[in-house]
Amino acid sequence: MTAASDTAAVLFANDSFYLTLQTGDANAMDEIWSSGDGVSCLHPGWPPLLGRATVMQSWRAILANPQQQAIAAHAAVVELHGDTAIVICYETVGQFTLVATNIFVRETGGWKLVHHQSGETQAPKSGFAEPERTLQ
Numbered sequence: 022m023t024a025a026s027d028t029a030a031v032l033f034a035n036d037s038f039y040l041t042l043q044t045g046d047a048n049a050m051d052e053i054w055s056s057g058d059g060v061s062c063l064h065p066g067w068p069p070l071l072g073r074a075t076v077m078q079s080w081r082a083i084l085a086n087p088q089q090q091a092i093a094a095h096a097a098v099v100e101l102h103g104d105t106a107i108v109i110c111y112e113t114v115g116q117f118t119l120v121a122t123n124i125f126v127r128e129t130g131g132w133k134l135v136h137h138q139s140g141e142t143q144a145p146k147s148g149f150a151e152p153e154r155t156l157q
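When you line the sequence shown up against this note's numbering, it's residues 22 to 157, in that order.
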């Protein structure tokens, strides 16, 4: 695979993650994450979650919450490191702006999420700008 096709595949996986947040599909969320136990997640204001079972339990709770506000991602930038990819993007949740790091690994079946972390930040002064370049 080329760096451009890997970047496109990682961006597709990242977009799929956020689409799953919008649709509330717990089965799709399960497919997005690595099947290994070495996954982690840092939701804003939560303690660190380690291990697949704990991380997936958190997502099932979030997806089942009828009061959960919509989460949208903007301005994703990919950095490739062989079979690992780091995505940095902005998230909007209601009136809040967050910055997120999503780490994917190449597994059989494509790029799978192994880590998600997001926390509050200030919105860029000029709004959400598309990245000038993709880091490789």
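In this text, a Cβ means the ideal position worked out from N, Cα and C, and glycines have one as well.
Asked: In terms of DSSP beta bridges, what is Val120 paired with?; Found: Tyr111 and Gly140
Asked: Do Phe125 and Ala106 count as a contact pair if the criterion is CB distance below 7 Å?; Found: yes
Asked: Within its chain, find whatever has a CB closer than 6 Å to the CB of Glu112; leave out the 5 residues flanking it on each side and keep chain order.; Found: Ile92, Ala94, Leu119, Ala121 and Ser139
Asked: Give the single residue among Leu40, Trp54 and Ala49 whose Cα lies nearest to the Cα of Val129.; Found: Note on identity: in this sequence residue 129 is Thr, with Val being the wrong assignment. When each option's Cα is compared against that of Thr129, the closest is Trp54.
Asked: Take the Cβ of Asp104 as the centre, count every other Cβ of all protein chains shown within 10 Å, and call the residue buried at 16 or more, exposed below.; Found: exposed
Asked: Nearest-angstrom Cα distance between Tyr39 and Asn86?; Found: 16 Å
Asked: Consult DSSP for Thr37 and reduce its assignment to one of helix, strand or coil.; Found: At residue 37 the sequence reads Ser, which differs from the Thr that was named. DSSP places Ser37 in helix when its eight states are reduced to three.
Asked: What's the call for Trp67, buried or exposed, on a 16-neighbour Cβ count within 10 Å?; Found: exposed
Asked: For Asn48, is the classification buried or exposed, using 16 other Cβ atoms within 10 angstroms of its Cβ as the cut-off for buried?; Found: exposed
Asked: Cα separation between Cys90 and Gly115?; Found: The sequence shown places Gln at residue 90, not Cys. Between Gln90 and Gly115, the C-alpha separation is close to 6 Å.
Asked: Between the C-alpha atoms of Asn123 and Gly45, what's the straight-line distance to the nearest angstrom?; Found: 19 Å
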